[in-house]
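Only one structure is covered here, and it is reproduced in the block below.
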Amino acid sequence: MAKKILLIDDNRLTREINGSVLEQAGYKIVSASDGSQGLKKLEEEKIDLIILDLIMPGIDGFEFLKLCKKNPLTQHIPVAVLTIRDSPQDIETAKRLGAEVCLIKHKMRPKALLDSVRIILGE
Numbered sequence: 058m059a060k061k062i063l064l065i066d067d068n069r070l071t072r073e074i075n076g077s078v079l080e081q082a083g084y085k086i087v088s089a090s091d092g093s094q095g096l097k098k099l100e101e102e103k104i105d106l107i108i109l110d111l112i113m114p115g116i117d118g119f120e121f122l123k124l125c126k127k128n129p130l131t132q133h134i135p136v137a138v139l140t141i142r143d144s145p146q147d148i149e150t151a152k153r154l155g156a157e158v159c160l161i162k163h164k165m166r167p168k169a170l171l172d173s174v175r176i177i178l179g180e
């Protein structure tokens with residue numbers, strides 16, 4: 058059965074491009090446009106990996122990480138942060154809150170995302 062990835066990003070185009078790359082590689086994609094929707098999807102679906110933007114309206118990526126990692130039902134799910142924020146402080150904060158990896162959008166190609174997903178999922 059295909060691994061299920063929750064892709065949380067307020068940018069529709071980013072969700073579509075990355076979702077398409079991951080679907081072509083055989084993953085099932087569940088999308089959310091903000092942290093609130095992402096938390097709801099976590100309740101509804103069995104998710105194997107979360108790809109998370111940091112800058113979003115409402116519940117941002119940092120708050121989402123805090124909530125996700127505090128919940129015993131979701132704290133085991135690995136999280137890859139995919140963001141435009143490239144300050145060392147933001148990257149360190151995301152990792153401290155539980156992100157496995159932080160990828161910078163403008164420095165990353167879709168294949169790099171796919172490679173990171175495979176590594177995190179042990180494939």
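Numbering (my numbering), first residue to last: 58 to 180.
For each residue, glycine too, the CB sits at the ideal point set by N, CA and C.
Report all residues from its chain with a CB closer than 6 Å to the CB of residue i; omit the five preceding and five following residues, and keep chain order.
i           : result
residue 151 : 138, 159
residue 118 : 109, 110, 111
residue 99  : 131
residue 116 : 92, 93
Where residue i and residue j are concerned, what is the direct C-alpha to C-alpha distance, given to the nearest angstrom?
i           : j           : result
residue 88  : residue 72  : 7 Å
residue 132 : residue 141 : 24 Å
residue 109 : residue 145 : 17 Å
residue 135 : residue 82  : 19 Å
residue 161 : residue 173 : 12 Å
residue 58  : residue 163 : 32 Å
residue 77  : residue 156 : 23 Å
residue 176 : residue 143 : 22 Å
residue 171 : residue 70  : 17 Å
Since residue i contacts residue j with CB under 8 Å, what's their CB separation in whole angstroms?
i           : j           : result
residue 120 : residue 92  : 6 Å
residue 122 : residue 147 : Between residue 147 and residue 122 the Cβ distance is about 12 Å, and since that is not below 8 Å, they are no contact.
residue 167 : residue 74  : 7 Å
How is residue i classed by DSSP in three states: helix, strand or coil?
i           : result
residue 178 : coil
residue 130 : coil
residue 62  : strand
residue 98  : helix
residue 82  : coil
residue 148 : helix
residue 108 : strand
By Cβ distance, which residues of its chain are closer than 8 Å to residue i, with the 5 residues on each side in sequence left out?
i           : result
residue 102 : 61, 63, 87
residue 84  : 59, 60, 61, 62, 174
residue 154 : 119, 122, 123, 126
Between the options, which has its C-alpha nearest residue i's C-alpha?
i           : options            : result
residue 107 : 125, 68, 153       : 125
residue 179 : 128, 165, 113, 105 : 105
residue 67  : 79, 80, 90         : 90
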